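Numbering (the UniProt record's numbering), first residue to last: 1 to 385.
One structure is given below, encoded as structure tokens.
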């Protein structure tokens, strides 16, 4: 079900920004989850775009949610122990819909659903990826596969810091996903022949890993999207926006220390695996940092929303510019139906050839060949159709 506000934006090709709902159901405790969701939507509207939070309630997919629906998801999430709320990846969509269940959509499910309705910009906190210790667990997020086959632009603070950022970037490159940093810190390589840009570490701006591309403006991002579309690439663009905080190194060390403690506790509690890993680690880190990680999470998602709205506005301008240029050079097409036509009749493909009457082909043909009056001979056959 598409919210009217979102539907009207789609019809008018106005700027749209998709938002995931797992941050509401599994990313933050109540009431911070609801408050953050509303603030993010407000930031997007204030910067000229329409927000479209995507989630599932009682087996119905909502693209764009009312305040009451966001509150319903947030409250259900506060009672997660009753198994009323689910973390929904792409692979879970059929079962959740069939069983009329509710839940928050992850990056993979949100990307898929947003693209289905025509939304091309998606804002989130951070994407999933390759978990640390993957050689033992093979735990790799479905987000990475989805980004390899969905032409959407994901604006995030990079990859969640609880993951193996280096290996995740390698998988993204292998899968053909374009990765760039937005207004990142550039530096020259050791040989001085090329420049690299620091990739963020979700909560903090520096992961210690670098990538090749740095985009300076939202117009640069929109042009990148246009070029991707023009050559028919069906993969995503991941735009990593550094969380601009002071004393980033201090926070990074504190968060890494908290993560090590959380991972040790998780290993001792062998019941925590699969989809429960990320929510457990984020919750434990928030507890160990005295709520600092939650504040950083809220800050980065709000900053991402600002950048996402700006990108959506620029991309909309690009599309409208293309549309205007096209309308000047080509006649306005008639509105056509998407129904499948049924054709009743015959199709005549007339070939005129001149044959030598003495040729062996004419003499040996099993059927008589009459020259001329072709239409008169075809008409009776068409009447039989």
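Heads up, the beta-carbon is just placed ideally off N, CA and C, and yes, glycines get one too.
Quantities reported herein were computed from a predicted structural model and do not represent experimental measurements.
Whole angstroms are fine: how far does the CA of residue j sit from the CA of residue i?
i           : j           : result
residue 26  : residue 196 : 34 Å
residue 77  : residue 20  : 14 Å
residue 273 : residue 244 : 32 Å
residue 140 : residue 281 : 16 Å
residue 191 : residue 132 : 31 Å
residue 174 : residue 142 : 15 Å
residue 287 : residue 256 : 14 Å
residue 164 : residue 290 : 24 Å
residue 10  : residue 250 : 44 Å
residue 144 : residue 344 : 48 Å
residue 5   : residue 108 : 24 Å
residue 299 : residue 99  : 36 Å
residue 218 : residue 162 : 28 Å
residue 390 : residue 221 : Nothing about residue 390 can be reported from this structure: the residues present for the chain run from 1 to 385 only.
residue 318 : residue 223 : 8 Å
residue 30  : residue 75  : 7 Å
residue 276 : residue 200 : 24 Å
residue 134 : residue 321 : 46 Å
residue 254 : residue 241 : 21 Å
residue 65  : residue 91  : 22 Å
residue 41  : residue 12  : 20 Å
residue 314 : residue 102 : 34 Å
residue 261 : residue 285 : 8 Å
residue 93  : residue 194 : 44 Å
residue 7   : residue 115 : 14 Å
residue 60  : residue 73  : 13 Å
residue 252 : residue 297 : 13 Å
residue 246 : residue 202 : 14 Å
residue 81  : residue 263 : Annotation note: pLDDT 49 at residue 81 (below 50); position unreliable, coordinate value reported separately. One C-alpha to the other measures close to 22 Å.
residue 47  : residue 36  : 17 Å
residue 113 : residue 283 : 27 Å
residue 265 : residue 117 : 42 Å
residue 269 : residue 189 : 43 Å
On a CA-only basis, which of the options is nearest residue i? Give me that one, please.
i           : options            : result
residue 49  : 263, 32, 146, 17   : 17
residue 215 : 181, 143, 256      : 181
residue 136 : 284, 267, 246      : 267
residue 23  : 106, 51, 58, 304   : 106
residue 45  : 120, 321, 298, 307 : 307
residue 172 : 130, 60, 304       : 130
residue 89  : 115, 60, 146       : 146
residue 85  : 61, 57, 35, 187    : 57
residue 54  : 69, 94, 42, 43     : 69
residue 187 : 213, 117, 72       : 213
residue 87  : 260, 279, 203      : 279
residue 294 : 28, 152, 7         : 28
residue 312 : 73, 71, 119, 59    : 119
residue 39  : 167, 239, 59, 67   : 67
residue 153 : 234, 302, 35       : 234
residue 259 : 160, 271, 47       : 160
residue 204 : 79, 104, 292, 71   : 292
On the DSSP bridge assignment, give the partners of residue i in chain order.
i           : result
residue 104 : 55, 87
residue 261 : Per DSSP, none; premise fails for residue 261.
residue 61  : 56
residue 44  : None; residue 44 has no bridge partner.
residue 73  : In the DSSP output, where bridge partners are listed per residue, residue 73 has none listed.
residue 238 : 154, 179
residue 2   : 63
residue 18  : 52, 122
residue 127 : 159
Cβ of residue i within 8 Å of Cβ of residue j?
i           : j           : result
residue 2   : residue 96  : no
residue 184 : residue 198 : yes
residue 125 : residue 157 : yes
residue 228 : residue 178 : yes
residue 155 : residue 304 : yes
residue 316 : residue 14  : yes
residue 236 : residue 150 : yes
residue 169 : residue 211 : yes
residue 310 : residue 43  : no
residue 166 : residue 209 : yes
Please confirm if residue i has its CB atom under 8 Å from at least one CB of chain C.
i          : result
residue 43 : No chain C is present in this structure, which holds just one protein chain.
Which whole runs of the beta strand (DSSP E) in the region 139 to 223 are 3 residues long or more, in chain order? The DSSP assignment places 153 to 156, 178 to 182, 186 to 188, 195 to 201, 204 to 211 as complete runs of the beta strand (DSSP E) inside the region 139 to 223, in order along the chain (cut-off: 3 residues).
What runs of the alpha helix (DSSP H), each 4 residues or longer, lie entirely inside the region 270 to 333? Runs of the alpha helix (DSSP H) inside the region 270 to 333: 277 to 288, 292 to 329.
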